[in-house]
Structure formats: structure tokens, C-alpha cells
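Please read the structure below before turning to the comments.
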Amino acid sequence: MPKKVTPKETPDPQGHLGDSIQSLADRHLAFGWWSLLIFLTLGVVLELLHGFKVGWYLDVSNETRRHMWTLAHAHGTLLALVNLAFAFSLKGFGGHGGRGLVTASRCLIGAGVLMPLGFFLGGLVIHAGDPGLGIVLLPAGALLLLAGVFLAARSFRTRRTE
635 MPKKVTPKET
645 PDPQGHLGDS
655 IQSLADRHLA
665 FGWWSLLIFL
675 TLGVVLELLH
685 GFKVGWYLDV
695 SNETRRHMWT
705 LAHAHGTLLA
715 LVNLAFAFSL
725 KGFGGHGGRG
735 LVTASRCLIG
745 AGVLMPLGFF
755 LGGLVIHAGD
765 PGLGIVLLPA
775 GALLLLAGVF
785 LAARSFRTRR
795 TE
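Oh and the sequence shown: position 61 is 695 in my numbering, straight run, nothing missing.
Spelled out as C-alpha cells, the structure:
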């Protein structure tokens, strides 16, 4: 008796080695929810540092640290929501994502890691009011975000016109 082929196992008709839409959506749902938990927790920790008037965080000489960590929290939370939106957007697609959506997926997850990590690491060690070396991750994360959004928009536009 032949094995029943599920949509997840169906080969990509365009010959791409892309992941199935469901596996992409599942990956972004998991990444988005876990990221949201992590960065909301960071926000609570920052509020506690503020509430307990921790000098290492609040002193004027640590303004850059406070700013960098606030940006890490904000960008991490926003990018978690972007990943969740991407996952929910994929529900309208059928079959496989093709190369564009798979690459968009990888870019969005990369941006979700690199951008907040760059801000956070940049705030760990301050050099005369300037962020630490970790901030170099930020431009790479920003480029990944731009590429991911572009590729997703193009993939969804292509699907709409088919």
C-alpha cells in the first residue's frame, strides 16, 4: 500500500529546497513567543533596576548603558512581534515557501537575534560614553531585517498576482 503523502512532505514544485510553509510558521511562532518572553523579562528587569535605584544602571556616567539596554528591550520585543506576524502571514500560503520565503525567514530570525544582542552587548562595557564593541552586530542585523522584509513582501506580492 503506497504511503500517503502529506503536504509537509510534498516536494517543492519549483525545485527549491525550501521548508514547508507549516514548518516555517512553526519556527517563527516558537522564535517569536520565546523572544517575546525574553525581551519582556528584560524590560521587567530594567524596571527593577530603575525602581531600586541601582547606580550601575542609573548613574549619569551609565546613561549609554541605560540607553543601549532600553533599545535592546524595545527592538527585541518589536522583532519578536514581527516574527509572530510573519508566522501568521504564512497561513495564507499553501505548500512550500520557495527560496524567497525561506531566505526571508532566515533573515528575520537573524535580525531578531543580532539587533537586540548588538544593543545589549554594546551596553555591557562603555568606553567614555560610547557603546562597547558588541554594537558592531547592529548593522548586520539591520541589513538582515531589511532583506527579510523585502523578500517577504516580494513573496507575498508574487503569490497575490498568481
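No residue lacks a Cβ here, since even glycine has one placed at the ideal position from N, Cα and C.
What's the call for residue i, buried or exposed, on a 16-neighbour Cβ count within 10 Å?
i    : result
L658 : buried
R699 : buried
F784 : exposed
Quick check: the Cα distance between residue i and residue j, rounded to an integer number of angstroms?
i    : j    : result
H662 : N717 : 5 angstroms
S789 : L780 : 14 angstroms
T704 : P773 : 18 angstroms
S654 : W667 : 20 angstroms
L686 : V736 : Here residue 686 is Phe; the residue named in the question, Leu, does not match the sequence. Going from the Cα of F686 to the Cα of V736 covers about 44 angstroms.
Q656 : T792 : 19 angstroms
N696 : A762 : 10 angstroms
L674 : E681 : 11 angstroms
F665 : R733 : 20 angstroms
Pick helix, strand or coil for residue i, following the three-state DSSP scheme.
i    : result
D764 : strand
Measure the Cβ-Cβ separation of residue i and residue j and say whether it is below 8 angstroms.
i    : j    : result
G775 : G744 : yes
Y691 : H701 : no
L771 : L755 : yes
A714 : L670 : yes
A721 : A786 : no
G782 : L742 : yes
L800 : L778 : Lying before the first or after the last residue shown, residue 800 is absent from the chain, which here runs from 635 to 796.
Does the beta-carbon of residue i, which I'm using as the reference point, lie nearer than 7 angstroms to any heavy atom of the ligand FMN?
i    : result
L676 : This structure does not include the ligand FMN; it has no bound ligands of any sort.
Only counting runs of 4 or more residues, tell me where the alpha helix (DSSP H) segments fall wholly within the segment 683 to 736, in order along the chain. Fully enclosed alpha helix (DSSP H) runs of 4 or longer: 689 to 692, 697 to 723.
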